[in-house]
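Here is the structure we will look at, set down as C-alpha cells.
Residue numbers (my numbering), protein chains in the order written: chain X, 1 to 305; chain C, 1001 to 1305.
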C-alpha cells in the first residue's frame, strides 16, 4: 500500500497499520491483506466480487475490520459482502470506504452488505465514508445494507460521512424478529455541490422488537440532502426515529419519515427538525474570541460528534 | 326540509334553524335556502355546480354558513365553491356535509373549495363531516381545499370527521405569501371498515410565512387511516406539523410527514406519535367506576376535543 492508501485507511478505519483480530483490506479492487481467527473466517466469493464473513456461535469481544480504499481515478466497483453472525456472538465490525480521486473520471464504490444476525447475538457495526483528492472526477459511494435479525439479537449501526463524498445513495433495510433491537446513528455532512440521499426502512415484525433511528446532518453551501426513514410496526413493538438537520448557505434538506402501525400494540414516534444555527449561539462563541466561521465550525463539530 | 335533513344540519353546522348572517343550504343537490348580506354575496355558478361567495373588503365579524345535506341514497355530486375574501376582512365560514344513507347504493359528495384570501384578511373556516343511516350503501365524502393567501392574511381551518363516513380522501393545499399564517386542526375518527386519507400540503413561499398543522386521530375496529403532511419552506419561514394518533382494535394508521427546506432560513419541525391508549389510563378511570368501554370512550372524547 502506498502513502495515499495508508492515509485513506486512517480516515475510514482509524488504522495506523494492520488491525488486531480479523480483517480484510481491499485496495483498488484487490485484496491488500487478510487475517482470520479461530472464530472468524473470511472467504472470497466465487460467483461475484466480495467476501463472506462467518462468525462462530458464541464468539465474544472480537472484531472484524473490512476497509476499502480507492486511489485509482475512474474506477467503479460493486462489492457484495455477507456477514453471518452466529447465535450469542458479541462482535464489532468496522467497515468504511475512502476514495482519493486525483483524476477527472468518477471513482465509485458500491457495496451491498447483508447481515444475518443469529439469536441473541450482539453486533456493533461502524461504517465511515470519506473522499479526498483534487481531481475533477466525482467521488461516489452507494452503500446498501440489508439486515436480518433473529430473536433477541441486537445491532448498533453507526454510519458517518464527514467529508469529500460528492454523491451518495444510502439504503438500509432491517427485518427484526421478536425481541430484536436495532439502533441506527447516522451522521452526514455535505458541502459544495454534493448530493446525499439516505433511506432507512425498519420492519418490526416480531413481538417486542424495537428500533431507534437517529440522523444528524449538516448541509453546507449548495449541497442537497434527502432523508427517508420508514418504520413499519407489524406487531407489539416500539419504534422511534428522529432527524435533526442544520442548513448553512444555500443548501436544501428534505426529511420524509413514515410511520405505519399495522398492529394496535405498535408504538411509534417520529421527530424532525430542520433549521439553521441560532444567531445567538454564533454570537456567544464570537464574544469568546472566535471568528464567525470558527464559531460555526465549532457548533457543527459538536452537533455531529 | 324534512326531519332527517334537519338532523343532519344540526350535526354538521350546529344549526337548529336558519342561521344568522349569510348562508346557502344545499339539500340533495338543490338550493334549500340562501341569504346574502350587504357585505357578503352568494352567486350560483353558471358553468358548473356550486357557488361563488364574495366577501367585501373590510367586512368584520360576519359569518357564512354553507352546509350540505344528502338524504337521497345513491346520489353522487361534485360541487365547486369559490370564496373570495376581500382585504382586511375578518370572517367565519362554516361548511359541512352530512349524509343519511338509508339505501344500498353509495351516496357521495365531492367538493372543491377554493379560498382566495386578501391582504391582512382573517378567516376562520370550520368543516364538519358526518354520516348516518342504516342502509348498506356507503357514505363517501371527498373534500379538496385549495387556499391562496395574500400578504399578512391568516386562516384557521378546523376540520372534523367524527362518525359515519365510510370513505374519505381529503386534500388540502395552501400557498402563503409573505407574513401569512395558517393553522390547520384536523380531527378524525374512523370505525368499522372505514378508510380515511388526508393529505395537507403547505407552501411557505413568502418571508415570515408560518404554518401549524395539527392532526389528532383515532382509528377503531378495522378502519384504516393515512395522514400525509407536507411543508415546503421556500423562504425565511416557520413550519410545524404534528400528528397524534390512537389505534384501537385492528385498525391501521400510517403517518407520512415531509419537510423540505429550500431556504437556509426555513425552520421546520415535525412530530408524530402513533400508539394505543396506555393501560394505566383505562385502569385509573375504571377505579372511578367506569367500564372499560366507557373509560376508552372518555379518553377518546378528551383527545378529540
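In this text, a Cβ means the ideal position worked out from N, Cα and C, and glycines have one as well.
Contact of residue 1297(C) with chain X by beta-carbon distance below 8 Å is absent, the smallest such distance being about 17 Å. Here the C-alpha atom of residue 1075(C) lies approximately 43 Å from the C-alpha atom of residue 272(X).
In this structure, the CA atom of residue 278(X) is about 54 Å from the CA atom of residue 1007(C). If the five residues before and after residue 1077(C) are omitted, its C-beta is found closer than 8 Å to the C-beta atoms of 1029, 1049, 1070, 1108, 1109 and 1110, all from its own chain and listed in chain order.
Boundaries cannot be given for residue 72(X), as no beta strand (DSSP E) includes it and DSSP labels it neither H nor E. Exclusion of the five residues before and after residue 1066(C) leaves 1024 and 1095 as the residues of its chain whose Cβ lies within less than 6 Å of its Cβ. Taking a C-beta distance under 7 Å as the contact criterion, residue 1179(C) and residue 1150(C) do not qualify as a contact pair.
Within the segment 1195–1215 of chain C, no residue places its CB atom closer than 9 Å to a CB of chain X. Residues 99, 139, 164 and 165 of the same chain have their beta carbon placed closer than 6 Å to that of residue 131(X), with the five preceding and five following residues left out of the count. The beta carbon of residue 298(X) lies closer than 8 Å to those of 285 and 290 in the same chain, with the five residues before and after it left out. In the DSSP annotation of this structure, the continuous segment of the alpha helix (DSSP H) that includes residue 1285(C) starts and ends at 1279–1287. Annotated three-state conformation of residue 1221(C) is coil, per DSSP. For residue 1156(C), the uninterrupted beta strand (DSSP E) segment begins and ends at 1154–1163. At a cut-off of 7 Å between beta carbons, residue 1234(C) makes no contact with chain X. Taking 9 Å as the cut-off between beta carbons, none of the residues of the segment 4–21 of chain X comes near chain C.
The count of Cβ pairs closer than 8 Å, one atom from the segment 251–266 of chain X and one from the segment 1253–1263 of chain C, reaches three, so the stretches are in contact. Non-local C-beta neighbours of residue 158(X) in its own chain, meaning closer than 6 Å and more than five positions away in sequence, comprise 126 and 185, ordered along the chain. Beta-bridge pairing by DSSP links residue 1034(C) to 1024(C).
In the three-state reduction of the DSSP assignment, residue 1007(C) falls in the helix class, which pools H, G and I. In the three-state DSSP reduction, residue 1242(C) falls in the strand class (E or B).
Residue 18(X) carries a coil assignment under DSSP once its states are collapsed to helix, strand and coil.
Contact with chain C is found for residue 256(X), since one of that chain's Cβ atoms lies less than 7 Å from the residue's Cβ. Counting the other CB atoms within 10 Å of its CB gives residue 1288(C) a total below 16, which places it among the exposed residues.
Look at residue 1220(C): its C-beta is not under 7 Å from any C-beta on chain X. Its chain contains 1087, 1088, 1152 and 1153 as the residues whose beta carbon lies nearer than 7 Å to that of residue 1120(C), once the 5 sequence neighbours on both sides are disregarded; these appear in chain order.
Within chain C, no residue has its CB atom less than 8 Å from the CB of residue 189(X), the nearest being about 15 Å off. In this structure, residue 261(X) lies near residue 1274(C), with their beta-carbon atoms less than 7 Å apart.
Shown here for residue 210(X): same chain residues with a beta carbon closer than 6 Å to its own, the five before and five after excluded, namely 181 and 238 in chain order. Between residue 155(X) and chain C, the shortest Cβ-Cβ separation is not below 7 Å.
Around the CB of residue 1020(C), fewer than 16 other CB atoms lie within 10 Å, so the residue is classed as exposed.
Residues of chain X whose Cβ lies closer than 8 Å to the Cβ of residue 1262(C) are, in chain order, 252. Using a CB distance cut-off of 7 Å, residue 1305(C) does not count as an interface residue toward chain X. A residue is called buried once 16 or more other Cβ atoms fall within 10 Å of its Cβ, and residue 276(X) is buried on that count. Between the segment 1190–1204 of chain C and the segment 1222–1231 of chain C, the count of C-beta pairs closer than 8 Å reaches three or more; the two stretches touch.
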